[in-house]
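Visitor: Sharing a structure, written as structure tokens. Questions coming.
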Amino acid sequence: MNNQLEKLRETAPLVHSITNYVVMNNTANALLAIGASPIMAHAQKEVADMVHIVHALVVNIGTLDEYWVESMALASQRALELGKPWVLDPVGAGATPYRNETLRHLIGFKPTVIRGNASEILSLANVAVASRGVDSANQSEEALEAGKQLATQLGCVVCISGATDYIMDATRVASVGNGHEWMPKITGMGCTASVMVGAFLGVEKDPFEATLAAMTVMGVAGELAAQEAAGPGSLQMHFYDALFSLTDKQLVDMAKVTRNATS
Amino acid sequence: MNNQLEKLRETAPLVHSITNYVVMNNTANALLAIGASPIMAHAQKEVADMVHIVHALVVNIGTLDEYWVESMALASQRALELGKPWVLDPVGAGATPYRNETLRHLIGFKPTVIRGNASEILSLANVAVASRGVDSANQSEEALEAGKQLATQLGCVVCISGATDYIMDATRVASVGNGHEWMPKITGMGCTASVMVGAFLGVEKDPFEATLAAMTVMGVAGELAAQEAAGPGSLQMHFYDALFSLTDKQLVDMAKVTRNATS
Amino acid sequence: MNNQLEKLRETAPLVHSITNYVVMNNTANALLAIGASPIMAHAQKEVADMVHIVHALVVNIGTLDEYWVESMALASQRALELGKPWVLDPVGAGATPYRNETLRHLIGFKPTVIRGNASEILSLANVAVASRGVDSANQSEEALEAGKQLATQLGCVVCISGATDYIMDATRVASVGNGHEWMPKITGMGCTASVMVGAFLGVEKDPFEATLAAMTVMGVAGELAAQEAAGPGSLQMHFYDALFSLTDKQLVDMAKVTRNATS
């Protein structure tokens, strides 16, 4: 883990989220617990100014509307101009034409990392990749193939989260086997993973390594929390406590990371 | 209970909420904990599309504004056109002329179920029922009378929640005596009841029975949570855990349901 | 404490918040736990009507945008007209020109109390105080000086919250030494302090005393919660439980309040 967590806590990176209403509280608390500093701002009159003062931007389209989409575009455009890393969380990709249209617009601002579940990454690849080759035995493999094509075409890191998380760019793939089955029973755990990626992008220059670190933190903290929990309600509470007391040593000891450099 | 809970968990109904900012996180977590799937979306460009793919819609006017009211109207109109069940939660009915005007508009799209507290149902009846007869000894009885008139005039189910919950349509009345006095000390427990009704509407065709099942689940889970809790903070956490581990047997054993078919 | 808490619970003051999305749930729960009644409403068509029926208004600019700023202005203007107390929480003052411009506008409606951290109060003083004299040895003293000038120029109470909280008006200063180091690790504890001030303004006519009571409640409840907590996640849960069971006697016994009348 290269002491990335220690570095994060020394830096306390500012992470600017333009995210959905449902998870704002969760994701801010997760950032505070791990040692980062959350900022939420979406006004068209200030959103680009805010990008200037932060370490990373996270755009999450969960509860998008016309005003917010314009704010997301202003902020991610500014991030691109300033060379600041930004994460795109394509919540609900494929659910409506409007979400697909919005995603087509936002990927033009070259996200550093895209994180979604298998269904979202598949939908986004269909939107973004001109002539997508599909040649896989099942949906899980199909999502991996789609993620690889997306990462290659957009020149970004793609993270497909699930029971096993996959992190990939044009030349590398890694997986994280940590986590707990109750985590999807809490709203916003995926969105929390995305802001955690934003936090590590603030202290780790290689976005592949930053994403891998973030997903490992999520999974290990989830496992530690589950040891104390009786269901998803108590899991969420213990999850913040676990993030807060998490050490680099725990990460090294518990991480189930597989690196399979390909191509 | 007719194994309604088991059926809910098998189906994992998609429940689309257009609700207030305060409770979005709570209600999503409650739906996940019981075994349903929450969707929150309000953009005018997608809200009707979203209604197509869900089992039920819940409209809650808690933090309404001009944009959101139009979204609520678009979504509930589409639900009416498609014959999909939808729940209206008239938060703060009577507090301002704007809320009353909005409710007058929304009930035109024929909600399947209306759930509110006694004050809200009384206010809504004053808005909706042309010449409302009031002939009751006290406010509690007056609310029941108002609910009955509302249910009859609009051809819907009305649920008046409180220490005892009342569920009624034109010909039936039932009550649920479960719950705990600390539940009103947590914001959004009423709103959570409304989305729970939405979840059961996704698996039970009779909206009276669906509402009765939802209110029983709320009350029993609240009682189970209170056994572990030291105040409203811990009650909320244990409530999610209780929803998650709740069984049909617990519901049957603990339910304090009275059916008084009238008229 | 003059039984202020007991009085609050008897009155259950209605506190109208126009606040940021991140903390709406927290602040509503804190108000309920202490015994007050939260209302959240921001529609331009109803916001002034709502001010009529409440005991106090709280305006928090955390996730401001053009629509919300207009709502905040309509509500605080009405509070001024009606002589109702209102609290301004200048979240992120100084972060962007838009926040400063908004604050310049809102202070024209004469807030009763302004509560922020040292950085926010310093920024607001730079915006609001025409020719601000700065003659202090360090940033902490500079913030106190800025707060004093702000309180004098605007004729309001200023609260600077931090490890030690300072409450001041043109002639008085008091400090509260209660609290716990994990409290800043939970999002919205400052915003919660602001609504707590709103609640006490509903039952205590002297805004200096109301603010002092609110900050003491926050700090003491934080300490009680920390005794049970293993990190910020569990601290938040126990904090609501502590507010709920807090007594005037606990406040008297635990309060670390210093009154240094100056002028």
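Going down the list, the protein sequences come from chains A, B and C. Quick note: the first sequence uses my numbering, first residue 5, plus one each step. Quick note: the second sequence uses my numbering, first residue 5, plus one each step. Quick note: the third sequence uses my numbering, first residue 5, plus one each step. Every residue, glycine too, gets a C-beta built ideally from N, C-alpha and C. This structure is a prediction, so every number in the text was calculated from the model and none was measured.
#1: How big is the Cα-Cα spacing for Ala155 of chain B and Ser249 of chain B?
#2: Per DSSP, Ala61 of chain C is paired with what?
#3: In angstroms with no decimal places, state the Cα-to-Cα distance between Asp53 of chain C and Leu61 of chain C.
#4: Which residue marks the beginning of the beta strand (DSSP E) containing Ala178 of chain A, and which one marks its end?
#5: Look at the alpha carbon of Val26 of chain B and the alpha carbon of Thr175 of chain A, and state the distance between them as a whole number of angstroms.
#6: Between Ser179 of chain B and Thr251 of chain A, what straight-line distance do the alpha-carbon atoms span, to the nearest angstrom?
#7: Please classify His56 of chain C: is it buried, with 16 or more other beta-carbons within 10 angstroms of its beta-carbon, or exposed?
#8: Mind checking Arg108 of chain B: buried by the 16 CB within 10 Å criterion, or exposed?
#9: Answer yes or no: does any C-beta atom of chain B fall closer than 9 Å to that of Ser123 of chain A?
#10: Measure from the C-beta of Met187 of chain A to each C-beta in chain C and report whether the shortest distance is under 9 Å.
#11: Please tell me whether Ser267 of chain B has its Cβ less than 9 Å away from any Cβ of chain A.
#12: Can you check whether the CB of Leu84 of chain B is closer than 9 Å to the CB of Val63 of chain B?
#13: With 9 Å as the threshold, decide whether the Cβ of Gln240 of chain A is near any Cβ in chain B.
#14: Which of the residues in the region 42-60 of chain C, read from start to end, lie with their CB under 8 Å from any CB of chain B?
#15: Find out if the Cβ-Cβ distance for the pair Leu68 of chain C, Pro115 of chain C is shorter than 9 Å.
#16: Quick one, are the C-beta atoms of Asp245 of chain A and Gly235 of chain C less than 9 Å apart?
#17: Name, please, each residue of chain A whose Cβ falls closer than 8 Å to the Cβ of Met200 of chain B.
#18: Thinking C-alpha only, which one of C:Cys195, C:Ser21, C:Phe204 and C:Ser198 is nearest Val51 of chain C?
#19: I want to verify the contact list: residues of chain C whose CB lies under 8 Å from the CB of Arg103 of chain B, in sequence order.
#20: Out of A:Lys260, A:Cys160 and A:Ala47, point me to the one whose CA is closest to Phe212 of chain A's CA.
#21: Span of the beta strand (DSSP E) holding Gly98 of chain B?
#22: Using a cut-off of 9 Å between C-beta atoms, extract the partners of Phe243 of chain A located in chain C.
#23: Enumerate in chain order the residues of its own chain whose CB-to-CB distance from Ala225 of chain C is below 7 Å, with the five nearest sequence positions on each side excluded.
#24: Interface residues of chain B around Asn29 of chain A at Cβ under 7 Å?
#25: Looking at Ile43 of chain A: is its Cβ nearer than 9 Å to the Cβ of Gly183 of chain C?
#26: What separation, rounded to the nearest whole angstrom, lies between the Cα atoms of Leu12 of chain B and Gly166 of chain A?
#27: State the DSSP-derived secondary structure class of Cys163 of chain B, mapped to helix, strand or coil.
#28: Return helix, strand or coil for Thr116 of chain B, following the three-state DSSP convention.
#29: For Gly192 of chain B and Asn30 of chain B, I'd like the C-alpha separation in whole angstroms.
#30: I want to see whether chain C comes within less than 9 Å of Ala99 of chain B, judged by CB atoms only; does it?
#31: Counting only Cβ-Cβ distances shorter than 7 Å, please list the residues of the region 6-38 of chain B near chain A, keeping chain order.
#32: Please name the residue, chosen from A:Pro188, A:Glu146, A:Arg82 and A:Ile118, that lies closest to Ala32 of chain B on a Cα-to-Cα basis.
Guide: Taking the coordinates as given:
#1: On the second sequence, residue 155 of chain B is found 151 positions in, with the first residue counted as 1. On the second sequence, residue 249 of chain B is found 245 positions in, with the first residue counted as 1. Each residue's alpha carbon lies about 33 Å from the other.
#2: In the third sequence, counting from the first residue as 1, residue 61 of chain C sits at position 57. Rather than Ala, the amino acid found at residue 61 of chain C in this sequence is Leu. DSSP output for Leu61 of chain C lists C:His20 and C:Trp90 as bridge partner(s).
#3: Residue mapping note: residue 53 of chain C aligns to position 49 of the third sequence, counting from 1. Residue mapping note: residue 61 of chain C aligns to position 57 of the third sequence, counting from 1. If you take the alpha carbons of Asp53 of chain C and Leu61 of chain C, they lie about 12 Å apart.
#4: Against the first sequence, residue 178 of chain A aligns to sequence position 174. Val177 to Val180 is the span of the beta strand (DSSP E), which, as asked, contains Ala178 of chain A.
#5: Taking the second sequence and counting its residues from 1, the one referred to as residue 26 of chain B is at position 22. Taking the first sequence and counting its residues from 1, the one referred to as residue 175 of chain A is at position 171. Using only the alpha carbons, I get a separation of about 44 Å.
#6: Indexing the second sequence from 1 puts residue 179 of chain B at position 175. Indexing the first sequence from 1 puts residue 251 of chain A at position 247. Roughly 52 Å separates the two Cα atoms.
#7: To locate residue 56 of chain C, count along the third sequence from 1; it is residue 52. Exposed, by the Cβ-count rule.
#8: Here residue 108 of chain B refers to the residue found at position 104 when the second sequence is read from its first residue. Label assigned to Arg108 of chain B: exposed.
#9: In the first sequence, counting from the first residue as 1, residue 123 of chain A sits at position 119. False, the Cβ-Cβ gap to chain B never drops below 9 Å.
#10: As a first step, residue 187 of chain A must be located in the first sequence, where it is residue number 183. Chain C contact via Cβ: absent.
#11: For this step, residue 267 of chain B is matched to residue 263 along the second sequence. In this prediction, Ser267 of chain B scores a pLDDT of 43, lower than 50, which makes its location untrustworthy; no coordinate-derived value is stated.
#12: The residue given as residue 63 of chain B occupies position 59 in the second sequence. The residue given as residue 84 of chain B occupies position 80 in the second sequence. In this structure, Leu84 of chain B does not lie closer than 9 Å to Val63 of chain B by Cβ.
#13: Against the first sequence, residue 240 of chain A aligns to sequence position 236. Output row for Gln240 of chain A: interface = yes.
#14: Pro42, Ile43, Met44, Ala45, His46, Ala47, Gln48, Lys49, Glu50, Asp53, Met54 and Ile57
#15: Start at 1 with the first residue of the third sequence, and residue 68 of chain C comes out as number 64. Start at 1 with the first residue of the third sequence, and residue 115 of chain C comes out as number 111. Cβ atoms of Leu68 of chain C and Pro115 of chain C: not closer than 9 Å.
#16: As a first step, residue 245 of chain A is located in the first sequence; it is residue number 241 there, counting from the start. As a first step, residue 235 of chain C is located in the third sequence; it is residue number 231 there, counting from the start. Yes, the pair counts as a contact, with Cβ atoms nearer than the cut-off.
#17: Position 196 of the second sequence, counting from 1, holds the residue named residue 200 of chain B. The contacting residues do not exist; Met200 of chain B stays about 15 Å from chain A at best.
#18: Indexing the third sequence from 1 puts residue 51 of chain C at position 47. Checked all of C:Cys195, C:Ser21, C:Phe204 and C:Ser198; the closest Cα to Val51 of chain C is C:Ser21.
#19: The sequence position of residue 103 of chain B within the second sequence is 99, counting from 1. Simply Glu50.
#20: Here the question's residue 212 of chain A lines up with position 208 in the first sequence. Closest by alpha carbon: A:Cys160.
#21: Working through the second sequence from its first residue, we reach residue 98 of chain B at position 94. Unbroken run through Gly98 of chain B: none, as it is neither H nor E.
#22: Locating residue 243 of chain A in the first sequence gives position 239, where the first residue counts as 1. Within chain C, the residues near Phe243 of chain A are Gly237.
#23: Taking the first residue of the third sequence as position 1, residue 225 of chain C is located at position 221. Closer than 7 Å at Cβ, skipping near neighbours: Phe243, Ala246, Leu247 and Leu250.
#24: In the first sequence, counting from the first residue as 1, residue 29 of chain A sits at position 25. Those within 7 Å of Asn29 of chain A in chain B are Asn29.
#25: To locate residue 43 of chain A, count along the first sequence from 1; it is residue 39. To locate residue 183 of chain C, count along the third sequence from 1; it is residue 179. No, they are not a contact pair.
#26: Indexing the second sequence from 1 puts residue 12 of chain B at position 8. Indexing the first sequence from 1 puts residue 166 of chain A at position 162. Each residue's Cα considered, the two are about 23 Å apart.
#27: Locating residue 163 of chain B in the second sequence gives position 159, counting from the first residue. The answer is strand: DSSP assigns Cys163 of chain B an E or B state.
#28: On the second sequence, residue 116 of chain B is found 112 positions in, with the first residue counted as 1. Here Thr116 of chain B sits in coil by DSSP.
#29: What you label residue 192 of chain B is simply residue 188 of the second sequence in a count that begins at 1. What you label residue 30 of chain B is simply residue 26 of the second sequence in a count that begins at 1. If you take the alpha carbons of Gly192 of chain B and Asn30 of chain B, they lie about 7 Å apart.
#30: In the second sequence, the residue the question calls residue 99 of chain B occupies position 95. Answer yes: the Cβ-Cβ gap between Ala99 of chain B and chain C drops below 9 Å somewhere.
#31: Tyr25, Met28, Asn29, Ala32, Asn33, Leu36 and Ala37
#32: Counting from 1 along the second sequence, the entry for residue 32 of chain B is found at position 28. Comparing Cα-Cα distances from Ala32 of chain B to each of A:Pro188, A:Glu146, A:Arg82 and A:Ile118, the minimum goes to A:Pro188.
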